[in-house]
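K.L.:
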Amino acid sequence: MSVPPPSAPRPDLRPAAPPPPAPDLAPTHVRALAAGDRPAIARLVARDGLFTPDELAVALELVDGALAHPGGDYRVLVAEGPDGAVSGYVCYGPTPMTDGTFDLYWIVTDPERRGRGVARALVVAMEAELRALGGRLVRVETSLSDGYGEACRFYDCIGYPVVATLPDFYKAGDDLLILVKRL
1381 MSVPPPSAPR PDLRPAAPPP PAPDLAPTHV RALAAGDRPA IARLVARDGL
1431 FTPDELAVAL ELVDGALAHP GGDYRVLVAE GPDGAVSGYV CYGPTPMTDG
1481 TFDLYWIVTD PERRGRGVAR ALVVAMEAEL RALGGRLVRV ETSLSDGYGE
1531 ACRFYDCIGY PVVATLPDFY KAGDDLLILV KRL
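Counting from 1 along the sequence shown, just add 1380 to a position and that's the residue number in this note's numbering.
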């Protein structure tokens, strides 16, 4: 009788303290989505350079869902810089058929404001809202392709370890990474 190999150690999913704010050259204000934000969000996603036209359409479909049904399956927070311009957004929502699990679907920031705490401010605000709603876990799915390395490093820095990898999920050589944080 053979003994199965030991399984890989499980990542630490204990609740983590919110990350400290990152230094920023200008303050970021996070607020709820407003109807007038859609064109700015469309420009942000298009400018990012990582997303295909189909992905842009899906991102805007979720924004439209959040606008049509506030507090529904899709929720959006918007970051704005000191000039009031949209500098990023995060889209998230409850994971169907779970108790207290949420998906972070999209987070996009203005390329000119990257590294200045915009994404971190969005995630901290999202996590605070989810805790208030009784959220337990946040799940992120992302690609392992070259263009997503910066995103993967960001998630790691804010306490979202990789808990699973599905090889060749998106296409040959492009794995799906699943990251989870316990709130």
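All residues carry an ideal CB built from backbone N, CA and C; glycine is no exception.
Once the 5 residues before and after Arg1519 are set aside, which same chain residues still bring their CB inside 6 Å of it?
P.N.:
Residue 1519 sits at position 139 when you count from the first residue of the sequence shown. Answer for Arg1519: Asp1483 and Val1560, listed in chain order.
K.L.:
What residues match up with Asp1555 in a beta bridge as DSSP calls it?
P.N.:
Position 175 of the sequence shown, counting from 1, holds the residue named residue 1555. None, per the DSSP bridge assignment.
K.L.:
Quick test of your reading: Leu1424 and Ala1446, contact by CB under 8 Å. State the CB separation rounded to the nearest angstrom.
P.N.:
The residue labelled residue 1424 in the question sits at position 44 within the sequence shown. The residue labelled residue 1446 in the question sits at position 66 within the sequence shown. Not confirmed; about 15 Å, so no contact.
K.L.:
Ignore the nearest five residues each way along the sequence and tell me which others in Asp1554's own chain have a CB closer than 8 Å to its CB.
P.N.:
Translated into positions along the sequence shown, residue 1554 becomes position 174. If we look at Asp1554 and ignore the five residues flanking it on each side, its Cβ neighbours are Ser1523, Leu1524, Ser1525 and Asp1548.
K.L.:
Determine the direct distance from the alpha carbon of Ala1465 to that of Ala1459, and round the result to whole angstroms.
P.N.:
Locating residue 1459 in the sequence shown gives position 79, counting from the first residue. Locating residue 1465 in the sequence shown gives position 85, counting from the first residue. Distance between the alpha carbons of Ala1459 and Ala1465: 8 Å.
K.L.:
Using the Cβ count rule (16 or more neighbours within 10 Å means buried), how would you classify Ala1499?
P.N.:
Counted from its first residue, the sequence shown places residue 1499 at position 119. Buried.
K.L.:
Among residues of its own chain, excluding the 5 on either side of Cys1408, which ones have a beta-carbon nearer than 7 Å to its beta-carbon?
P.N.:
The residue you call residue 1408 lines up with position 28 of the sequence shown. According to the sequence provided, residue 1408 is Thr. The question's Cys does not apply to it. Within the same chain, Thr1408 has close Cβ partners Ala1459, Gly1461, Ser1467, Gly1497, Val1498 and Ala1501.
K.L.:
Below 9 Å between beta carbons: does that hold for Ala1426 and Leu1436?
P.N.:
Residue mapping note: residue 1426 aligns to position 46 of the sequence shown, counting from 1. Residue mapping note: residue 1436 aligns to position 56 of the sequence shown, counting from 1. Yes, these two residues count as a Cβ contact at 9 Å.
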